[in-house]
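Trainee: One structure coming up, written as structure tokens, with questions to follow.
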Amino acid sequence: MNWVLGHILVSRGTILSMLGEKSVLSDIQSMPYQRGVTPNKGDYLMPRDALVERLNVSQERIIGGLEDKTPEWLSSSESDKEIEWQQQPKRDQLLFLHFHEAYHTGQTGLLRRIIGKECAIP
0 MNWVLGHILV
10 SRGTILSMLG
20 EKSVLSDIQS
30 MPYQRGVTPN
40 KGDYLMPRDA
50 LVERLNVSQE
60 RIIGGLEDKT
70 PEWLSSSESD
80 KEIEWQQQPK
90 RDQLLFLHFH
100 EAYHTGQTGL
110 LRRIIGKECA
120 IP
């Protein structure tokens, strides 16, 4: 559960960067939550409550960052990016990252069931 929540925050960091907003995780804090990383026993993983608080803060920053974005901004792209999907129009990037977050959010429901919790958070 911890890795999934942290990974969602890493993804939100990408969104916040696109929007010109500050990420809620430092580079060091985000390391164990990167794609393909299996945290080692000595890695610092943030407490669940801190992750949830940062999810709330990042949501507010995303909402604020989107307020002044125009259709032209959403249609714009940056061809100088090294990663191919980041060369797509910003609207397509945001759509992909939205799907990515929804996928991992679904995992949290499954993980809750595995540990004996109700599927929905009351």
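Heads up: the sequence shown at position 13 corresponds to 12 in numbering that gives the first Met the number 0, and the numbers run straight through without jumps.
All C-beta atoms in this analysis are idealised placements derived from N, C-alpha and C, irrespective of residue type, glycine included.
Source: prediction; values computed, not measured.
1) Taking just the CA atoms, how far does residue 50 sit from residue 101?
2) Does the segment 14 to 23 touch the segment 90 to 110, meaning 3 or more C-beta pairs lie closer than 8 angstroms?
3) How long is the line joining the alpha carbons of residue 27 and residue 10, rounded to whole angstroms?
4) Around the Cβ of residue 8, are there at least 16 other Cβ atoms within 10 angstroms (buried) or fewer (exposed)?
5) Looking at the structure shown, is residue 89 part of a helix, part of a strand, or coil, going by DSSP?
6) Sorted by chain position, which residues of the same chain lie with C-beta nearer than 6 angstroms to residue 53's C-beta, five sequence neighbours on each side aside?
7) Between the Cα of residue 48 and the Cα atoms of 4, 114 and 112, which residue gives the shortest distance?
8) On the CB-based measure, 16 or more other CB atoms within 10 Å of its CB, does residue 43 come out buried or exposed?
9) Rounded to the nearest angstrom, what separates residue 116 and residue 30 at their Cα positions?
10) For residue 86 versus residue 76, is the C-beta spacing smaller than 7 angstroms?
11) Could you check if residue 18 is buried or exposed, using at least 16 other CB atoms within 10 Å of its CB as the buried criterion?
12) Answer yes or no: do residue 73 and residue 89 have a C-beta to C-beta separation smaller than 7 angstroms?
13) Whose C-alpha, out of 20, 55 and 25, is nearest the C-alpha of residue 65?
Mentor: Taking the definition as stated:
1) 17 angstroms
2) yes
3) 15 angstroms
4) buried
5) helix
6) 8 and 23
7) 4
8) exposed
9) 28 angstroms
10) yes
11) buried
12) yes
13) 20
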